[in-house]
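Below is one structure, written out as C-alpha coordinates; the observations come after it.
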Amino acid sequence: MRTTARSTVLAALSWWGTGVLLGASALLLREPSTAVYRAVAHAGLDWPELLADVLILGLTAWFGAGMWQALRSDPTRAATGLAAGAGVLVAYGSSETVKLLLAHDRPCRSVLPDPQCPGVGNWSFPSNHATIAFAVATAVVLLVARWWAWTGFLLALVAGSSRVVDGVHFPHDVLAGAALGVGTTVACALVLTRWALPLAERLGRAPHPSSPG
(Lines of atoms letter the chains of each structure in order from A and count residues from 1; the text may use other names and numbers.)
(Lines give C-alpha, C1' and ligand atoms only; values in the text may rest on other atoms or scores of the structure.)
Protein backbone atom coordinates (compact mmCIF):
# COMPACT_ATOMS: atom_id res chain seq x y z
CA MET A 1 0.00 0.00 0.00
CA ARG A 2 2.80 2.38 0.95
CA THR A 3 4.68 1.58 -2.26
CA THR A 4 1.54 2.24 -4.31
CA ALA A 5 0.98 5.57 -2.56
CA ARG A 6 4.59 6.56 -3.18
CA SER A 7 4.31 5.63 -6.85
CA THR A 8 1.12 7.68 -7.16
CA VAL A 9 2.76 10.74 -5.62
CA LEU A 10 5.79 10.37 -7.88
CA ALA A 11 3.55 10.08 -10.95
CA ALA A 12 1.63 13.17 -9.84
CA LEU A 13 4.83 15.14 -9.30
CA SER A 14 6.01 14.02 -12.73
CA TRP A 15 2.83 15.32 -14.39
CA TRP A 16 2.86 18.56 -12.44
CA GLY A 17 6.58 19.13 -12.99
CA THR A 18 6.25 18.45 -16.70
CA GLY A 19 3.38 20.94 -16.95
CA VAL A 20 5.35 23.61 -15.11
CA LEU A 21 8.50 22.92 -17.12
CA LEU A 22 6.70 23.07 -20.46
CA GLY A 23 4.88 26.19 -19.36
CA ALA A 24 8.12 27.88 -18.37
CA SER A 25 9.78 26.73 -21.61
CA ALA A 26 7.11 28.63 -23.54
CA LEU A 27 8.93 31.81 -22.49
CA LEU A 28 11.75 30.77 -24.80
CA LEU A 29 9.33 31.19 -27.71
CA ARG A 30 8.62 34.88 -27.10
CA GLU A 31 10.28 36.12 -30.30
CA PRO A 32 8.61 33.69 -32.76
CA SER A 33 5.41 33.98 -30.72
CA THR A 34 5.40 37.74 -31.27
CA ALA A 35 5.89 37.21 -34.99
CA VAL A 36 2.92 34.82 -35.08
CA TYR A 37 0.85 37.32 -33.09
CA ARG A 38 1.61 40.06 -35.61
CA ALA A 39 0.73 37.76 -38.52
CA VAL A 40 -2.59 36.84 -36.91
CA ALA A 41 -3.37 40.49 -36.19
CA HIS A 42 -2.62 41.55 -39.77
CA ALA A 43 -4.69 38.66 -41.18
CA GLY A 44 -7.82 40.46 -40.07
CA LEU A 45 -9.49 37.39 -38.57
CA ASP A 46 -12.87 38.09 -36.99
CA TRP A 47 -14.00 35.40 -34.58
CA PRO A 48 -17.15 35.72 -32.45
CA GLU A 49 -16.75 37.75 -29.28
CA LEU A 50 -16.63 35.78 -26.03
CA LEU A 51 -15.96 32.58 -27.99
CA ALA A 52 -13.49 31.38 -25.36
CA ASP A 53 -16.00 31.97 -22.56
CA VAL A 54 -18.75 30.12 -24.43
CA LEU A 55 -16.50 27.14 -25.13
CA ILE A 56 -15.33 26.98 -21.51
CA LEU A 57 -18.94 27.06 -20.36
CA GLY A 58 -19.68 24.24 -22.79
CA LEU A 59 -16.80 22.16 -21.46
CA THR A 60 -17.91 22.86 -17.90
CA ALA A 61 -21.47 21.77 -18.71
CA TRP A 62 -20.10 18.58 -20.29
CA PHE A 63 -18.10 17.91 -17.14
CA GLY A 64 -21.12 18.62 -14.96
CA ALA A 65 -23.29 16.21 -16.92
CA GLY A 66 -20.61 13.53 -16.65
CA MET A 67 -20.37 14.10 -12.89
CA TRP A 68 -24.14 13.79 -12.48
CA GLN A 69 -24.14 10.46 -14.29
CA ALA A 70 -21.08 9.16 -12.44
CA LEU A 71 -22.48 10.06 -9.01
CA ARG A 72 -25.57 8.01 -9.77
CA SER A 73 -23.79 4.96 -11.13
CA ASP A 74 -20.03 4.81 -10.48
CA PRO A 75 -18.57 6.27 -7.23
CA THR A 76 -14.98 5.51 -8.29
CA ARG A 77 -15.37 7.45 -11.53
CA ALA A 78 -17.15 10.23 -9.64
CA ALA A 79 -14.22 10.42 -7.21
CA THR A 80 -11.88 10.86 -10.17
CA GLY A 81 -14.13 13.66 -11.40
CA LEU A 82 -14.15 15.40 -8.04
CA ALA A 83 -10.36 15.19 -7.83
CA ALA A 84 -9.97 16.47 -11.38
CA GLY A 85 -12.40 19.29 -10.63
CA ALA A 86 -10.21 20.30 -7.71
CA GLY A 87 -7.30 20.21 -10.15
CA VAL A 88 -9.05 22.76 -12.36
CA LEU A 89 -9.27 25.15 -9.40
CA VAL A 90 -5.62 24.57 -8.48
CA ALA A 91 -4.58 25.16 -12.10
CA TYR A 92 -6.48 28.44 -12.20
CA GLY A 93 -4.95 29.56 -8.91
CA SER A 94 -1.48 28.65 -10.17
CA SER A 95 -2.05 30.60 -13.37
CA GLU A 96 -3.13 33.69 -11.45
CA THR A 97 -0.10 33.42 -9.17
CA VAL A 98 2.33 33.17 -12.09
CA LYS A 99 0.66 36.16 -13.76
CA LEU A 100 1.20 38.31 -10.67
CA LEU A 101 4.78 37.14 -10.19
CA LEU A 102 5.94 37.68 -13.78
CA ALA A 103 3.71 40.65 -14.72
CA HIS A 104 4.16 40.31 -18.49
CA ASP A 105 2.37 42.94 -20.55
CA ARG A 106 -0.34 41.97 -22.99
CA PRO A 107 0.46 42.25 -26.71
CA CYS A 108 -2.37 44.76 -27.17
CA ARG A 109 -0.32 47.14 -25.02
CA SER A 110 3.27 46.23 -25.85
CA VAL A 111 3.12 45.23 -29.55
CA LEU A 112 0.02 46.62 -31.26
CA PRO A 113 -1.57 49.13 -28.87
CA ASP A 114 -5.34 48.90 -28.65
CA PRO A 115 -7.46 51.28 -26.54
CA GLN A 116 -9.77 48.37 -25.69
CA CYS A 117 -6.92 46.34 -24.19
CA PRO A 118 -7.38 45.31 -20.54
CA GLY A 119 -5.74 47.77 -18.17
CA VAL A 120 -2.31 47.61 -16.58
CA GLY A 121 -2.29 44.94 -13.89
CA ASN A 122 -4.25 42.53 -16.05
CA TRP A 123 -1.27 40.51 -17.19
CA SER A 124 -0.67 38.21 -20.13
CA PHE A 125 1.41 35.16 -19.19
CA PRO A 126 0.03 32.55 -18.95
CA SER A 127 -3.45 32.71 -20.45
CA ASN A 128 -6.08 32.03 -17.79
CA HIS A 129 -8.61 31.09 -20.46
CA ALA A 130 -6.24 28.51 -21.93
CA THR A 131 -5.38 27.18 -18.48
CA ILE A 132 -9.03 26.73 -17.53
CA ALA A 133 -10.09 25.38 -20.93
CA PHE A 134 -7.38 22.70 -21.03
CA ALA A 135 -7.84 21.88 -17.35
CA VAL A 136 -11.58 21.30 -17.81
CA ALA A 137 -10.96 19.32 -21.02
CA THR A 138 -8.54 17.13 -19.06
CA ALA A 139 -11.12 16.67 -16.31
CA VAL A 140 -13.67 15.60 -18.93
CA VAL A 141 -11.27 13.01 -20.38
CA LEU A 142 -10.46 11.61 -16.94
CA LEU A 143 -14.12 11.49 -15.92
CA VAL A 144 -15.74 10.20 -19.11
CA ALA A 145 -12.91 7.82 -20.08
CA ARG A 146 -14.13 7.41 -23.67
CA TRP A 147 -12.18 8.09 -26.87
CA TRP A 148 -14.59 10.79 -27.98
CA ALA A 149 -13.99 12.76 -24.78
CA TRP A 150 -10.64 13.78 -26.28
CA THR A 151 -12.55 16.12 -28.61
CA GLY A 152 -12.73 18.37 -25.57
CA PHE A 153 -9.12 19.30 -26.27
CA LEU A 154 -10.15 20.59 -29.69
CA LEU A 155 -12.64 22.91 -28.00
CA ALA A 156 -9.92 24.00 -25.56
CA LEU A 157 -7.53 24.67 -28.44
CA VAL A 158 -10.11 26.86 -30.20
CA ALA A 159 -10.79 28.69 -26.92
CA GLY A 160 -7.10 29.40 -26.41
CA SER A 161 -6.53 30.36 -30.04
CA SER A 162 -9.41 32.80 -29.91
CA ARG A 163 -7.55 34.78 -27.26
CA VAL A 164 -4.72 35.31 -29.74
CA VAL A 165 -7.19 36.32 -32.46
CA ASP A 166 -8.78 38.74 -29.98
CA GLY A 167 -5.36 40.35 -29.57
CA VAL A 168 -5.08 39.89 -25.81
CA HIS A 169 -2.56 37.04 -25.69
CA PHE A 170 0.61 35.84 -27.37
CA PRO A 171 0.60 32.24 -28.64
CA HIS A 172 3.17 31.30 -26.00
CA ASP A 173 0.74 32.49 -23.30
CA VAL A 174 -1.74 29.93 -24.59
CA LEU A 175 0.84 27.14 -24.78
CA ALA A 176 1.92 27.82 -21.20
CA GLY A 177 -1.67 27.84 -19.98
CA ALA A 178 -2.40 24.57 -21.76
CA ALA A 179 0.62 22.83 -20.23
CA LEU A 180 -0.16 24.14 -16.76
CA GLY A 181 -3.84 23.19 -17.03
CA VAL A 182 -3.23 19.62 -18.18
CA GLY A 183 -0.29 18.85 -15.88
CA THR A 184 -1.91 20.26 -12.73
CA THR A 185 -5.28 18.60 -13.32
CA VAL A 186 -3.80 15.15 -13.91
CA ALA A 187 -1.52 15.53 -10.88
CA CYS A 188 -4.42 16.45 -8.61
CA ALA A 189 -6.54 13.60 -9.98
CA LEU A 190 -3.79 11.11 -9.22
CA VAL A 191 -3.27 12.32 -5.66
CA LEU A 192 -6.82 13.22 -4.59
CA THR A 193 -9.03 10.51 -6.13
CA ARG A 194 -8.47 8.14 -3.21
CA TRP A 195 -9.43 10.84 -0.71
CA ALA A 196 -12.44 11.95 -2.76
CA LEU A 197 -14.01 8.47 -2.86
CA PRO A 198 -15.87 8.71 0.49
CA LEU A 199 -17.35 12.06 -0.58
CA ALA A 200 -18.39 10.63 -3.93
CA GLU A 201 -20.08 7.70 -2.20
CA ARG A 202 -21.99 10.02 0.16
CA LEU A 203 -23.08 12.26 -2.70
CA GLY A 204 -24.16 9.22 -4.70
CA ARG A 205 -26.38 8.03 -1.85
CA ALA A 206 -28.02 11.43 -1.39
CA PRO A 207 -31.61 11.72 -2.72
CA HIS A 208 -31.82 13.14 -6.25
CA PRO A 209 -34.59 15.45 -7.47
CA SER A 210 -35.84 12.77 -9.84
CA SER A 211 -35.83 10.08 -7.15
CA PRO A 212 -39.13 9.16 -5.41
CA GLY A 213 -39.55 10.15 -1.78
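Under the working numbering, the very last position in the sequence shown is 197; numbers go up by exactly one each time. Backbone N, C-alpha and C define an ideal beta-carbon position, used for all residues, glycine too. The model shown is predicted, which means the values in this text are computed figures rather than measured ones.
Cβ shell of residue i (< 7 Å), same chain only, five flanking positions each side left out
i	result
Leu183	Leu66
Val24	Val148 and Val149
Ser78	Leu164 and Thr168
Gly3	Ala163, Leu164, Val166, Gly167 and Thr168
Arg93	Cys101
Trp0	Gly167, Thr168 and Ala171
Whether residue i touches residue j by CB criterion (9 Å)
i	j	result
Val166	Ala129	no
Ser17	His113	no
Val125	Ser145	no
Val152	Pro91	yes
Leu176	Gly50	no
Ala68	Ala(-5)	no
Thr60	Leu187	no
Gly71	Thr122	yes
Leu55	Ala45	no
Arg14	Phe154	yes
Supposed close pair residue i, residue j - CB separation, criterion 8 Å
i	j	result
Ala163	Gly7	4 Å
Ala160	Ala10	4 Å
Tyr21	Val95	6 Å
Contact set for residue i: own chain, Cβ-Cβ below 6 Å, skip 5 residues either direction
i	result
Leu73	none
His88	Trp107, Ser108 and Phe109
Glu185	Pro59
Ala36	His113, Ala143, Ser146 and Arg147
Thr(-8)	Leu174
Ala133	Val124 and Val125
Proximity test, residue i beta-carbon vs the ligand ADP heavy atom, cut-off 8 Å
i	result
Leu34	Although the ligand ADP was asked about, the structure shown includes no ligands whatsoever.
Same chain, Cβ closer than 8 Å to residue i, five either side skipped, listed in chain order
i	result
Leu86	Trp107 and Phe109
Leu84	Trp107
Margin query: With three or more beta-carbon pairs closer than 8 Å as the criterion, would you say the region 24 to 36 touches the region 177 to 192?
Written below: Per the Cβ contact rule, the region 24 to 36 is not in contact with the region 177 to 192 (fewer than 3 Cβ pairs under 8 Å).
Notebook entry, point to check: Does the region 111 to 118 come close enough to the region 133 to 141 to have 3 or more Cβ pairs within less than 8 Å?
Noted result: yes
Checklist line | beta strand (DSSP E) runs wholly inside the region 27 to 95, at least 3 long, in chain order | finding: none
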